[in-house]
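Okay, so here's the structure we're looking at.
Residue numbers (our numbering): 768 to 912.
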């Protein structure tokens with residue numbers, strides 16, 4: 768039986784490398800675009816909400832948001848419901864390239880899964896998501912690990 772952690776690691780690294788190549792003309796990387804997809808899907812949200820959506824710690828999210836803001840991909844504004852917090856939003860520049868970024872994502876996934884049937888692709892994507900969600904639950908439950 769194959770060592771699944773090795774295969775997942777290879778898949779992650781190669782997916783990231785291939786996707787980065789397709790995103791490069793947009794000035795984006797896989798790391799950046801995951802934040803932008805989150806904001807595109809959710810609209811203006813707080814940094815804490817981004818942490819929850821992406822299952823990342825606050826310092827990692829803060830560093831990436833600072834970088835994205837400096838590069839003009841996002842901006843922050845005071846949250847009207849809580850003046851101590853900021854809402855993070857996509858810039859106009861980013862709204863204009865989001866469809867190209869999503870197309871790059873879909874193109875890369877299509878290339879990587881091109882040897883699978885449509886049914887296999889659907890099942891594969893569903894299973895990866897299911898196992899990913901389970902790993903989050905298990906990793907967050909100290910009594911089980």
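Beta carbons are placed, not taken as given, at the ideal position from N, Cα and C, and that holds for glycine.
In the displayed model, residue 790 falls within a helix according to three-state DSSP. The Cβ atoms of residue 839 and residue 858 lie closer than 9 Å to each other. Under the three-state reduction of DSSP, residue 811 is assigned to coil, being neither helix nor strand. The Cβ atoms of residue 852 and residue 814 sit closer than 9 Å to each other.
By DSSP's assignment, residue 857 forms a beta bridge with 841. Each of 810, 836, 835, 801 was checked against the Cα of residue 823, and the nearest Cα belongs to 801. The bridge partners DSSP lists for residue 849 are 846. With contacts defined as CB atoms closer than 9 Å, residue 789 and residue 871 qualify as a contacting pair.
The residues 801, 802, 805, 828, in chain order, have a CB closer than 8 Å to that of residue 821 in the same chain once the five nearest residues on each side in sequence are set aside. The DSSP-derived three-state label of residue 795 is coil. In this structure residue 854 is in contact with residue 844, their Cβ atoms being roughly 5 Å apart against a cut-off of 8 Å.
Shown here for residue 835: same chain residues with a beta carbon closer than 7 Å to its own, the five before and five after excluded, namely 799, 802, 841 in chain order. With distances taken between CA atoms, residue 849 lies nearest to 812 out of 812, 775, 878, 882. Assigned with DSSP and collapsed to three states, residue 907 falls in helix.
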